[in-house]
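According to my numbering, the stretch in the sequence shown is residues 3 to 112, in order.
Just so it is clear, CB atoms sit at the ideal spot from N, CA and C, and this is done for glycine as well.
Nothing here was measured: the structure is a model prediction, and the numbers come from that model.
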Amino acid sequence: MPTITFLFEEKDKNPVKAEIFPGESILEVALDNEVSLNHNCGGVCGCSTCHVYIEQGEDDLPEMSDREEEYVDRARNPKYNSRLACQCKLDEEGGDLVVTIPDQSGIIGH
Ligand code: FES
Numbered sequence: 003m004p005t006i007t008f009l010f011e012e013k014d015k016n017p018v019k020a021e022i023f024p025g026e027s028i029l030e031v032a033l034d035n036e037v038s039l040n041h042n043c044g045g046v047c048g049c050s051t052c053h054v055y056i057e058q059g060e061d062d063l064p065e066m067s068d069r070e071e072e073y074v075d076r077a078r079n080p081k082y083n084s085r086l087a088c089q090c091k092l093d094e095e096g097g098d099l100v101v102t103i104p105d106q107s108g109i110i111g112h
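Structure, rendered in structure tokens:
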């Protein structure tokens, strides 16, 4: 079973490792494992609060849509490896992922 490791910008948080099933999104796994990640629009690619950085496994995720790109551009501190967690569903043959969760403290959301 592929795994996902969540790393955190906030220095006081330890990494969290969990299983991820093909077809599951990074946001779903985060919420199922009590990893705090905002998701204001409910996971429909209508905000940028579920912004994450993909450290490993980008090739095992679907390509970014134009709409996702638009919202990533509006996220705080976007980088080359930025994605929206709700749009990143693991491919059928996907392997392990490593994801950094941005500091959530300055994000107005839920
Ligand atoms: S939760 Fe809004 S874009 Fe992912």
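Summarising the contact set, residues whose Cβ lies nearer than 7 Å to any heavy atom of the ligand FES are, in chain order, L29, H41, N42, C43, G44, G45, V46, C47, G48, C49, S50, T51, C52, Y73, L86, A87, C88 and Q89.
Each of T7, M66 and E70 was checked against the Cα of N35, and the nearest Cα belongs to T7.
Shortest Cα-Cα distance from I110 to any of Q89, T102 and R78 involves R78. Around the Cβ of R69, a 10 Å sphere holds fewer than 16 other Cβ atoms; the residue is exposed. Annotated three-state conformation of Q58 is strand, per DSSP. The continuous beta strand (DSSP E) containing R85 extends over residues S84 to L86. DSSP places I28 in the uninterrupted alpha helix (DSSP H) bounded by I28 to D34.
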